[in-house]
Amino acid sequence: MNPTVWFLTSNQGKLAEAAHHFANFGITVQRLEVPDGAVVEPQASDLETVAEAKLRQALAHLPHEGAMVMVEDAGLFVEALDGFPGVYSSYVHDTVGNQGMTRLLEHLQSEDPVMEKRLRAASFQAVAALWDGERILFGKGECKGSIASESQGDGGFGYDPIFIPADLDEDGEPLPPDVLGAVSTHGKTFGAVEVDLKHRFSHRRRALEDLMRQFPSPGPDR
Ligand code: ITT
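Under numbering that gives the first Met the number 0, read the sequence shown as residues 0 to 221, first letter to last.
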């Protein structure tokens, strides 16, 4: 039987992306259900602290002894806003949404598209925390890019329609805005491309890969 990772999340998009990633390794992902109010997200200034605090609370709700449980916390960090909304990304998205974010950055414009991308630089960051039955492992991932001047595409979830990833070179490393990479959305946002293409850039995939590197080979068997 495939090993299972129980993912504590209320976000269907995150669940689907994690399931897609882990399927490549023969690992099944199931949503961990906990009673309302059983896990409280702390106010903290970094994603790792938030993820660990949520994971520790989730451990009281293991579906069975020895189960693997995962939490993954992500955020959008905009350079011109000193990293805001960062750990407040969920709240900001629920309140002002993508339109509010693009309005906040309206003044960052240039005749030169490359300069405009620089002014609007941002990154998605993700921290995954996994209880492997014995200890907590952490994985981190980042996806560099920029914020579009308006929403584009109705795919993906959250901030996907306003985030344009930076092109990647052959090794998957992000490139400056004036260089066309081996992997590119050609200026489209994550909301306007297929999920498989988002996956090639994704902060989530990178965080999960970072986690997988720490699993004992050939992978957990439970
Ligand atoms: P859980 O904490 O229940 O897992 P959440 O939606 O609150 O779900 P996060 O705190 O990780 O998830 O995400 C913060 C915000 O960033 C939230 O509005 C997400 O929709 C958004 N977000 C996270 N990952 C994203 C991605 O890959 N693409 C677009 N938006 C994303």
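Built from N, CA and C at the ideal position, the CB exists for glycine as well.
Everything numeric in this text was worked out from a predicted model, so none of it was measured.
Going by DSSP in three states, ASP72 sits in which element: helix, strand or coil? The residue labelled residue 72 in the question sits at position 73 within the sequence shown. Note: ASP72 maps to strand in three-state DSSP.
Just mark ALA128 as buried or exposed, buried being the case when its beta carbon has 16 or more other beta carbons within 10 Å. Locating residue 128 in the sequence shown gives position 129, counting from the first residue. ALA128 comes out buried.
Kindly indicate the opening and closing residues of the beta strand (DSSP E) around GLY144. Here the question's residue 144 lines up with position 145 in the sequence shown. Per DSSP, GLY144 belongs to the beta strand (DSSP E) from 135-146.
Below 8 Å on the Cβ atoms is my contact criterion, and I expect ALA165 with GLU71 to pass it. Report the Cβ-Cβ distance as a whole number of Å. Taking the first residue of the sequence shown as position 1, residue 165 is located at position 166. Taking the first residue of the sequence shown as position 1, residue 71 is located at position 72. In this structure ALA165 does not touch GLU71 by the C-beta definition: roughly 22 Å separates them, more than the 8 Å allowed.
With the cut-off set at 9 Å, would you say SER145 and GLU115 are in Cβ contact? Here residue 145 is taken as the residue at index 146 of the sequence shown, counted from 1. Here residue 115 is taken as the residue at index 116 of the sequence shown, counted from 1. The answer is yes: Cβ separation under 9 Å.
Given this structure, state the Cα-to-Cα distance separating ASP159 from PRO2, to the nearest angstrom. Sequence index remark: in the sequence shown, residue 159 carries index 160 (1-based). Sequence index remark: in the sequence shown, residue 2 carries index 3 (1-based). Distance between the alpha carbons of ASP159 and PRO2 is about 30 Å.
With H, G and I counted as helix, E and B as strand and the rest as coil, what does DSSP make of MET67? In the sequence shown, counting from the first residue as 1, residue 67 sits at position 68. If DSSP states are grouped into helix, strand and coil, MET67 belongs with the strands.
Alpha-carbon to alpha-carbon, GLY36 and SER9: As a first step, residue 9 is located in the sequence shown; it is residue number 10 there, counting from the start. As a first step, residue 36 is located in the sequence shown; it is residue number 37 there, counting from the start. Cα-Cα distance, rounded: 12 Å.
Are there 16 or more other CB atoms within 10 angstroms of the CB of HIS20, so buried, or fewer, so exposed? Residue numbering aside, residue 20 sits at position 21 when the sequence shown is read from its first letter. Buried, since its Cβ has 16 or more Cβ neighbours within 10 Å.
On a Cα-Cα basis, can you pick out the residue from GLU64, PRO176, GLY85 that is closest to GLU133? As a working mapping, residue 133 is identified with position 134 in the sequence shown. That would be GLU64, whose Cα lies nearest to the Cα of GLU133.
Minimum C-alpha distance to LYS13 - residue among HIS185, GLY155, VAL113, GLU110: Within the sequence shown, residue 13 is the residue found at index 14, counting from 1. Checked all of HIS185, GLY155, VAL113, GLU110; the closest Cα to LYS13 is GLY155.
Proximity to LEU167 [Cα-Cα], best of LYS197, MET69, ALA52, GLN124: Numbered from 1 along the sequence shown, position 168 holds the residue referred to as residue 167. Out of LYS197, MET69, ALA52, GLN124, LYS197 has the C-alpha closest to the C-alpha of LEU167.
If you follow the alpha helix (DSSP H) that SER88 is in, where does it begin and where does it stop? Against the sequence shown, residue 88 aligns to sequence position 89. Per DSSP, SER88 belongs to the alpha helix (DSSP H) from 88-94.
In terms of residue numbering, what span does the beta strand (DSSP E) encompassing ALA191 cover? Indexing the sequence shown from 1 puts residue 191 at position 192. It is not in any beta strand (DSSP E) - ALA191 carries neither H nor E in the DSSP assignment.
Which same chain residues, not among the five before or five after LEU58, have their C-beta less than 8 Å away from its C-beta? Taking the first residue of the sequence shown as position 1, residue 58 is located at position 59. Only VAL68, TRP130 meet the Cβ criterion.
Quickly, what does DSSP pair VAL28 with across the bridge? List them, please. Here residue 28 is taken as the residue at index 29 of the sequence shown, counted from 1. VAL4, per the DSSP bridge assignment.
Where PRO160 falls: helix, strand or coil (DSSP): Start at 1 with the first residue of the sequence shown, and residue 160 comes out as number 161. The answer is helix: DSSP assigns PRO160 an H, G or I state.
Do you know how far the Cα of VAL113 is from the Cα of GLU32? The residue labelled residue 32 in the question sits at position 33 within the sequence shown. The residue labelled residue 113 in the question sits at position 114 within the sequence shown. Approximately 45 Å between the Cα atoms of the pair.
VAL33 beta carbon near ligand 1 (any heavy atom closer than 8 Å): Mapped onto the sequence shown, residue 33 falls at position 34. False, no ligand heavy atom lies under 8 Å from that Cβ.
When burial is assigned at 16 or more other CB atoms within 10 Å of the CB, is MET0 buried or exposed? Looking up residue 0 in the sequence shown gives position 1. By the beta-carbon neighbour count (other beta carbons within 10 angstroms, threshold 16), MET0 is exposed.
For the beta strand (DSSP E) that ALA120 lies in, which residues bound it at each end? For the purposes of this step, residue 120 is identified with residue 121 of the sequence shown, where counting begins at 1. Counting along the chain, the beta strand (DSSP E) containing ALA120 begins and ends at 120-130.
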